[in-house]
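**Student:** Numbering (the UniProt record's numbering), first residue to last: 1 to 373.
The beta carbon of each residue, even a glycine, is placed where N, CA and C say it ideally should be.
Source: prediction; values computed, not measured.
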Amino acid sequence: MGTLKPLVIGDLVAKYPVIQGGMGVGISLSSLAGAVAKAGGVGIISTAQIGFKQPDFLKNPLEANLRAIGEEMKKAREIAPEGIIGFNIMVATKNYASYVKKAVIAGADIIISGAGLPVSLPEYVAEAAEEAGIKLKTKIAPIVSTVKSAMVICKMWDRKFNQAPDLVVVEGPLAGGHLGFSREDLSELGVDTEDVEHTFQQAKYDEEVRGIIRLVREYGEKYNKVIPVVTAGGIYTHEDVMHQIDLGADGVQVATRFVTTRECDAPEEFKEAYIKSSKEDIVITKSPVGMPGRAIKNPFLDHVANTPFKLEHCYDCLEKCDRKTIPYCITKALISSAEGRTEDGLVFCGSNAYRAEKMETVDEVMKDLVFGE
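#1: Distance, Cα to Cα, isoleucine 227 vs lysine 75?
#2: Name the one or two DSSP bridge partners that phenylalanine 87 has.
#3: Please classify glutamate 312: does DSSP put it in a helix, a strand, or coil?
#4: For aspartate 49, which option in Ala150, Leu136, Tyr99 and Pro165 has the closest C-alpha, if you only look at C-alpha atoms?
#5: Drop a sphere of 10 angstroms on the beta-carbon of serine 278, count the other beta-carbons inside from all chains shown, and report buried for 16 or more, exposed for fewer.
#6: Within the segment 259-302, note down every full alpha helix (DSSP H) run reaching 4 residues or more, in order along the chain.
#7: For isoleucine 19 and valine 230, which I take to be in contact (beta-carbon distance under 8 Å), what is that distance rounded to the nearest angstrom?
#8: Do histidine 238 and glycine 372 have their CB atoms nearer than 7 Å?
#9: Near methionine 1, which residues of its chain fall below 7 Å by C-beta distance, leaving aside the five closest residues on each side in sequence?
#10: Counting pairs of beta carbons, one from the segment 129-141 and one from the segment 99-108, are three or more of them closer than 8 Å?
#11: Return yes when the Cβ of lysine 15 is within less than 7 Å of the Cβ of residue 387, no when it is not.
#12: From glutamine 202 to serine 149, what does the alpha carbon distance come to, in whole angstroms?
#13: Looking only at C-alpha atoms, which of Glu218, Ala33 and Asn95 sits nearest to residue 386?
#14: Starting from alanine 356, trace the beta strand (DSSP E) both ways and give me its first and last residue.
#15: Exposed or buried, what is cysteine 321 when buried is set at 16 or more other beta-carbons lying within 10 Å of its beta-carbon?
#16: What do you reckon, are the CB atoms on serine 145 and glycine 234 nearer than 7 Å?
#17: Does DSSP put threonine 256 in a helix, a strand or coil?
#18: Which of the three DSSP states, helix, strand or coil, is assigned to residue 374?
#19: In chain order, what residues of the same chain have a beta carbon less than 6 Å from the beta carbon of leucine 121, not counting five sequence neighbours either side?
#20: Could you tell me which of Asp246, Ile143, Lys155 and Val147 sits nearest to alanine 175, measuring between CA atoms?
#21: DSSP beta-bridge partners for threonine 93?
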């Protein structure tokens, strides 16, 4: 078994090189993020409709979500006062800038951002600190999937803001939820969107990861800093972790494995959906805004594929949502699952969700990922 080094992100040092992936709606909030940070990893809270439990969420979703960002961070800090805690914020989110600024003011150690290229993330983070009159400490990390996307974001930040990322997350084709890559990205990698499991070639993608690491290293040298690269997607065991480290990655981002922990914020029904699922149940689905997503096949997915949809209420969640043509409301679908009605909702997952056989604790999962025990 290999030995893992701490994950160093500027002045932040995580005992173990494991970032818990952000999962919305309501799956990775303060309980899970706090537990992971306390266990020596990096805990990540998802801002995706984070305020869905707030009493005014239906009437004022933006205000409810922004308020919840502060509340969830406070609760996570109480669990892990010395831990590293941050947020995952999707670029596709409506009012993206407001979420970023609120996360900075709430004291986020890091913001990880994907589902689109976070072109203006450095600007929003700097503005938030300046407007609040606080010292800027929040690290920023784009999610990329190819050398091409990594080059685009690094070039843009270099040219527009004279800076480089503090961390880069590489999300591969086996990741879960709203995926950080497009169907075009998959095509470039020779992967069939409808049959990822059989067309994904690990060795070929490993070369893509090595290419991203080389590119990021160049920008690190330009700015005289070490920019760690963390890989994500399909990482479930210690062997998976060591494979990524052997490629040259500085750490891993793991989400699916943490869902079936006692500390995960998801309801028991959501966790049971993972435990009961089979490999054949995990499918690539199309979100209402066209992005691919990975989920567990259930009556909800069967229903939306064959039933006309009429929007009853808009939650103002995604920037490019066309209310007239969407096949279903993704917020409503995800909230249903987050409230335990998994047969009537969307159950996002990673490619290995079917491997979950029992409930574990965050400590047990961390020990297995880091030490293989």
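**Tutor:** This is what the structure gives:
#1: Along the sequence shown, one-based indexing puts residue 227 at 227. Along the sequence shown, one-based indexing puts residue 75 at 75. In this structure, the alpha-carbon of isoleucine 227 lies about 29 Å from that of lysine 75.
#2: Working through the sequence shown from its first residue, we reach residue 87 at position 87. Ile45 and Ile111, per the DSSP bridge assignment.
#3: Taking the sequence shown and counting its residues from 1, the one referred to as residue 312 is at position 312. Of the three classes helix, strand and coil, the one that applies to glutamate 312 here is coil, per DSSP.
#4: One-based indexing of the sequence shown puts residue 49 at position 49. Reading the sequence as shown, one finds glutamine at residue 49 and not aspartate. When only C-alpha atoms are compared, the closest one is Tyr99.
#5: As a position in the sequence shown, residue 278 is number 278, starting the count at 1. Counting the other Cβ atoms within 10 Å of the Cβ of serine 278 gives fewer than 16, which makes it exposed.
#6: Given a length threshold of 4 residues, each whole run of the alpha helix (DSSP H) inside the segment 259-302 is given here in chain order: 268-276.
#7: Along the sequence shown, one-based indexing puts residue 19 at 19. Along the sequence shown, one-based indexing puts residue 230 at 230. So it is a contact: roughly 6 Å between Cβ atoms.
#8: Reading the sequence shown from its first residue, position 238 is the one you call residue 238. Reading the sequence shown from its first residue, position 372 is the one you call residue 372. Cβ distance < 7 Å, so histidine 238 and glycine 372 count as in contact.
#9: Within the sequence shown, residue 1 is the residue found at index 1, counting from 1. Unreliable positioning characterises methionine 1 in this predicted model, as indicated by a pLDDT of 47, which lies under 50. The coordinate reading is nonetheless provided below. So the qualifying residues of the chain are His238, Phe371 and Gly372.
#10: Short answer: they touch.
#11: Only positions 1 to 373 of the chain appear in this structure, which leaves residue 387 out of reach.
#12: By 1-based counting over the sequence shown, the position of residue 202 is 202. By 1-based counting over the sequence shown, the position of residue 149 is 149. Taken atom to atom, the span from the alpha-carbon of glutamine 202 to that of serine 149 is near 19 Å.
#13: Because the chain is modelled from 1 through 373, residue 386 falls outside the range shown and cannot be assessed.
#14: Residue mapping note: residue 356 aligns to position 356 of the sequence shown, counting from 1. It is not in any beta strand (DSSP E) - alanine 356 carries neither H nor E in the DSSP assignment.
#15: Translated into the one-based positions of the sequence shown, residue 321 becomes position 321. Cysteine 321 is buried by the Cβ-count criterion.
#16: As a working note, residue 145 is residue 145 in the sequence shown. As a working note, residue 234 is residue 234 in the sequence shown. At least 7 Å separates the beta-carbon of serine 145 from that of glycine 234.
#17: Taking the sequence shown and counting its residues from 1, one reaches residue 256 at position 256. Under the three-state reduction of DSSP, threonine 256 is assigned to helix.
#18: Nothing about residue 374 can be read from this structure; the chain reaches only from 1 to 373.
#19: As a first step, residue 121 is located in the sequence shown; it is residue number 121 there, counting from the start. These residues qualify, in order along the chain: Ser113 and Ile140.
#20: Against the sequence shown, residue 175 aligns to sequence position 175. Measuring from the Cα of alanine 175, the nearest candidate turns out to be Ile143.
#21: As a working note, residue 93 is residue 93 in the sequence shown. Secondary-structure assignment with DSSP links threonine 93 through a beta bridge to Leu318.
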